Structure formats: structure tokens, C-alpha cells
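Step one of this worksheet: look at the structure below.
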Amino acid sequence: MLAAVDWHILWQRIFHPDHVFVLALWRTIYISVCAQALGVLLGLIGALMRMSRFFPLRLLSGAYVLIFRGTPLIVQIFFVYFGANLLFGFTLIPRTVDFGLFQMDGAAFAGIVALGLNEGAYMREIIRAGIDAVDRGQMEAAKSLGMPYPMAMRRIVLPQATRFIIPPLGNEFNSMMKNSSLIFFIGVTELFGDAEIRYSTSFKPVEYFLAVAFWYLVLTTVWSLIQAQIERKLAVSERGDELSFRERVAAAWLPAAMRIRGTP
Amino acid sequence: MLHAEGVVKRFGRLEVLKGVSLEVKPREVVCVIGPSGSGKTTFIRCINHLEKIDAGRIEVNGHLIGYRERNGKLVEDTERNIARQRAEIGMVFQRFNLFPHKTALENVIEAPTHVRGVTKDQAARQGKALLERVGLADKFDTYPGKLSGGQQQRVAIARALAMNPALMLFDEPTSALDPEVIGEVLDVMKSLAIDMGTTMIVVTHEMGFAREAADRMVMMDDGRIIEEAPPAQFFDSPREERTKQFLSKIL
Ligand SMILES: Nc1ncnc2c1ncn2[C@@H]1O[C@H](COP(=O)(O)OP(=O)(O)OP(=O)(O)O)[C@@H](O)[C@H]1O
Ligand SMILES: [Mg+2]
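Here it is as C-alpha cells:
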């Protein structure tokens, strides 16, 4: 079986990627980043709505999470792109979306919206848990100094909540990069789509899918390094001092239980 | 300065304050004592509307706290107005509640700059003077995590003072501290009370401090104020049996 693998193709795909591939890689990256950013924004709005005094806002936030966590992502992607057309007979998202400064492929835009909407439902839970994890005394101290609720939230509670939000957010982005492959099904040639197209013209599935798996692995690994850097920065601003290089590496690579505690 | 009248507070079916009335004059220092669960913390928190009240009224400087009168009824005030009222009332918590992501000086200037709109330079100048006054001239840029409990509580006092509050509330400011640093916090509070003439309501079981700094002692029990007297009289010849019992336990 192994002999059937065309190692040359694999080698080429990994070490000499062509420009079509690089474009696909770029799509995966920018779509994931934009969708994640949208997800964080929606999650934040959803979390604040969830804590609102007004019942309709809490209800809306709850319904949002219920729907987007309770249905398959691929279905959401189809509904965002084709839903308006199929249900109401008008085109919500045109073939190309014009932002004035630049244009974007309509399917890619729909993909970002769908992935972002889905992600927002998960981020709402993460952000809410992060806010809950901040000592209640912080909000009270801020209020007792005369800060209105929004200011206390923005300046005191949220900065402290990020410490709890960032690690799961990093994991969410890892999933996002992999889940973004689903938007191939609305015609976006991202990383997975590129492999799919190559395979369908060459009938070499193993080579192309092995190569694409490798590239996803590269993306997620690079991200995990970036994530470790960000978490280190946060730890520094929290403690107000610098970690040693050894601690940084340890923090990035060792499981939590094995980490070397910093000397105070 | 403070006028509290028939304050009732319930948590669900539990009535924690059963009609508390208290009058505090400008520059007066009132110490509140009472057994655990008698409602001391709850009462203090009602004064700056960290808790809503179910009946009665609280006025600070003649302003109704937390509520507006509409057609003879009290309705809760807007977030903005409540915030404005709280800015006039300083509060020091048992567990300090410093902002851990900000240095000592940043903690102190946070509210003046963002609530009052004072410039950073001016706020920093005042903030440094305040930190010097509480004996922390060398800790401006230190994060709370690197300060001892006593130092943190002194920063918290400076932070509250930075808003020039008309009234300072202290909720057992020394009971979370190691015995050896209690003195440094009490010294700061004494100087506020005696030298600066700050109007203060202090929940404390530090009887030495109370004797020295208080103008009046207040004994709470089971959601009520059961006795009020100047310290000398309060400690030497308490009127109520409950007060006698309680004092004999803590002295
Ligand atoms: N948020 C709350 N929800 C429900 N019950 C509460 C709440 N806060 C306080 N209580 C109850 O109210 C009562 C009075 O509490 P409070 O903290 O005011 O007492 P305290 O006099 O400050 O006691 P301590 O000396 O222990 O601090 C207690 O029975 C307490 O359990
Ligand atoms: Mg208490």
C-alpha cells in the first residue's frame, strides 16, 4: 500500500508550494482571523447582554447560543450564504462584496460571517466565564469610586477577565482554522478546497490530503507558539515583572502540572 | 452628613436590617460593632447603594442615596446618578479590593482621572502626596501583588481619599490583616480621624482604635442599632445587657 504513495507530490506540496496553494493558505488564515475577531465581538456583546437587567436582551442572547451551538456549522454556513435567496428570493450576499477600499469574494465573506456567528456562541460562554472569574469585589471597588457600570466593566473587570479568556480563546482559534475548511462547500478555495481540487483532477487523494494535513499542522503549531507568547505577555502585565527565558519555554511547551514555578 | 432612617434590607425572606436609623455629623467618627451577622457590612454597603434597600431612606449631604422621589414614592435612580453619589463616598473594604493590574499609583489616580476628568499629571501629583501620607512613598510603581496586606490596605485608603469624599466608610479594614501590620493601618486611620477631621463610619473590633478615635460608638445586634454612646460611657458603663455581654467577649 505504502508503495502507492507518490512521494514526489508530497515533497513538492510541502517544500515547493505553488502560488495557487499560497493563495489558498492565505485565505484560510485571513478568513479564520476575521471570523475569530467577529466571534469575539459577538461573544462579548452576547455576554454583556446575558448579564443585562433587561429580560429581552438576556433572552436574545440565550436564543443565539441555543441556535448556533445546537445546529451543525455546515448548515449555518449554507443558510448564511444561500438562506436569504432560498427563503425570500433575494440575494443577501452578492458574488463579490464591495467594501470601497477593497473587494471580497462573496462566498468568503459569507464564510466569515457564518464562522463568526457560530464562534460568537462559544465565545459568549468563554467571555462570561472569564468575567465571572474576576473577584466580585473588583466591580464593587470600581463602583464605590464612582465609576458607572460600563466604565467599571471596561477599565477594571474586562482587563482582568482577559487572563481567563485568552487561553480558551487560543484553543477556539485552533479549532477555527480547522473548521474553516467547511467553507469549501460554498465554493471558497481555501487550504482544504485547494487539496480537494487537486485530488479530483489527479486522483491522488493520499498525497494531497497528507500534504494539507501537514499544512494545517503547521498553522496550528505556529499558532500555539504565538499563543504562548501572548499568554506570557499577559502574565507579565498581571504580575508586573518579567519571566525568564526558561520559564517562557517551559510555559509554552510543558503541561501545566510540570511547569517550573517562577521565583517570587 | 449622614442621615439614615428606618433602613430595612431583606435577602429573600431573611430580614437583615430591621429599621436602622443613624445620624452622623460632619467631622464625626462613628465606630460600629456587633456580633457576626448582625448586619454591619450590609448597612455600610447600603450607604453607597452597593445594596438596594427595601424601606427607609439614606441621605448623604442632604442627597437621597440610590433613589429618586417620584409622586411621593422612591424609585431607583439612574446608574449615572448613583455613580455620581458614590464618588462622594469613600469605601475601604475588608479585603482591600485593589485593582491587581494597576500599580499603587495607578490604583489611586484611576478614579480621579476617569471619573472626575482630572489630568494625569495633576492626579499623579495628588496621588503621590496621598501615598506619601499613608507612608508608601517608595511604592508608587509597585503592583498590589507585591505589597503586604497592610500596605495594600493603605493604598486602598489613599485610593478612596483621592476622590475627596465627604464621608469615608470602613468595613473591618484590619480584620484580614496579620497582627503585626494592623497598627500601621490603624495609625493612618487615626490620623485621618483626629488630624484631618474626616467624617468616618468604621466597622471595627479594634477597641483601642475606637476609644482613641471615635466620637460615638454604635452597637448593632440582629439588624438593629441597640445602643449608641460616646466611647468612654459605652465601654465603661454600657446600658444594654447585649452590649455588656458582647464587650466582655471581645475585650
Ligand atoms: N448577598 C447576600 N445574600 C444573602 N444573605 C446575605 C447576603 N449578604 C449578607 N447576607 C446575610 O445577612 C446577614 C448579615 O450579614 P452582614 O455581612 O451584614 O453581617 P456583619 O455584621 O457584617 O457580620 P460579620 O461581622 O461576620 O462581617 C448574615 O446573616 C448574612 O448571611
Ligand atoms: Mg461584615
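For the protein sequence lines, the chains are D and F, in the order given. Under my numbering, the first sequence has 28 at position 46, and the numbering climbs by one with no breaks. In short: position in the second sequence from 1, add 1022, done, that's my numbering. Note that the Cβ used here is the ideal one computed from N, Cα and C, for glycine as well. None of these values were measured; they are calculated from a predicted model.
Could you check whether residue j and residue i sit closer than 8 Å to each other, using their CB atoms as the reference points?
| i | j | result |
| --- | --- | --- |
| residue 1071 of chain F | residue 1104 of chain F | yes |
| residue 1226 of chain F | residue 1248 of chain F | no |
| residue 199 of chain D | residue 6 of chain D | no |
| residue 175 of chain D | residue 166 of chain D | yes |
| residue 22 of chain D | residue 121 of chain D | no |
| residue 1028 of chain F | residue 1078 of chain F | yes |
| residue 1120 of chain F | residue 1178 of chain F | yes |
| residue 1080 of chain F | residue 1159 of chain F | no |
| residue 1223 of chain F | residue 1191 of chain F | yes |
| residue 1090 of chain F | residue 1099 of chain F | yes |
| residue 1117 of chain F | residue 112 of chain D | no |
| residue 1203 of chain F | residue 1157 of chain F | no |
| residue 14 of chain D | residue 155 of chain D | yes |
Quick check on DSSP: helix, strand or coil for residue i?
| i | result |
| --- | --- |
| residue 170 of chain D | coil |
| residue 1258 of chain F | helix |
| residue 246 of chain D | The pLDDT assigned to residue 246 of chain D is 35, lower than 50, so where the model puts this residue is not dependable; a value taken from the coordinates is nonetheless given after this. Residue 246 of chain D falls in the coil class under three-state DSSP. |
| residue 1075 of chain F | coil |
| residue 1024 of chain F | strand |
| residue 1273 of chain F | coil |
| residue 83 of chain D | coil |
| residue 1044 of chain F | strand |
| residue -14 of chain D | helix |
| residue 1055 of chain F | strand |
| residue 1097 of chain F | strand |
| residue 1265 of chain F | helix |
| residue 1092 of chain F | strand |
| residue 78 of chain D | strand |
Starting from residue i, follow its DSSP beta bridges and name the residues at the other end.
| i | result |
| --- | --- |
| residue 1190 of chain F | F:1112, F:1222 |
| residue 1032 of chain F | F:1037 |
| residue 1251 of chain F | F:1239 |
| residue 1080 of chain F | F:1026 |
| residue 1085 of chain F | F:1082 |
| residue 154 of chain D | None, per the DSSP bridge assignment. |
| residue 10 of chain D | Residue 10 of chain D pairs with nothing; no bridge assigned. |
| residue -5 of chain D | Paired residues: none, contrary to the question. |
| residue 1246 of chain F | F:1243 |
Please name the residue in the options whose C-alpha comes closest to that of residue i.
| i | options | result |
| --- | --- | --- |
| residue 1132 of chain F | F:1222, F:1099, F:1180, F:1200 | F:1180 |
| residue 27 of chain D | D:167, D:140, D:60, D:191 | D:140 |
| residue 1049 of chain F | F:1255, F:1212, F:1189, F:1229 | F:1189 |
| residue 126 of chain D | F:1106, F:1156, F:1028 | F:1106 |
| residue 1254 of chain F | F:1242, F:1156, F:1053, F:1113 | F:1053 |
| residue -5 of chain D | D:186, D:102, D:53 | D:186 |
| residue 78 of chain D | D:210, D:93, D:149 | D:93 |
| residue 1055 of chain F | F:1258, F:1232, F:1263, F:1259 | F:1232 |
| residue 1035 of chain F | F:1076, F:1149, F:1024 | F:1076 |
| residue 17 of chain D | D:161, D:171, D:191, D:210 | D:161 |
| residue 1115 of chain F | F:1063, F:1047, F:1033 | F:1063 |
| residue 99 of chain D | D:51, D:130, D:137 | D:51 |
| residue 193 of chain D | D:178, D:205, D:204, D:207 | D:178 |
| residue 217 of chain D | D:181, D:202, D:184, D:147 | D:147 |
| residue 1123 of chain F | F:1043, F:1209, F:1166 | F:1166 |
| residue 1258 of chain F | F:1218, F:1130, F:1245, F:1239 | F:1239 |
| residue 86 of chain D | D:170, D:-12, D:201 | D:170 |
Does at least one heavy atom of ligand 4 sit under 7 Å from the Cβ of residue i?
| i | result |
| --- | --- |
| residue 1194 of chain F | In the structure on display, ligand 4 does not appear, and the ligands it does have are ligand 1 and ligand 2. |
Just jot down, in chain order, the residues whose CB lies closer than 5 Å to any heavy atom of ligand 1.
-> F:1033, F:1038, F:1058, F:1059, F:1060, F:1061, F:1062, F:1063, F:1064
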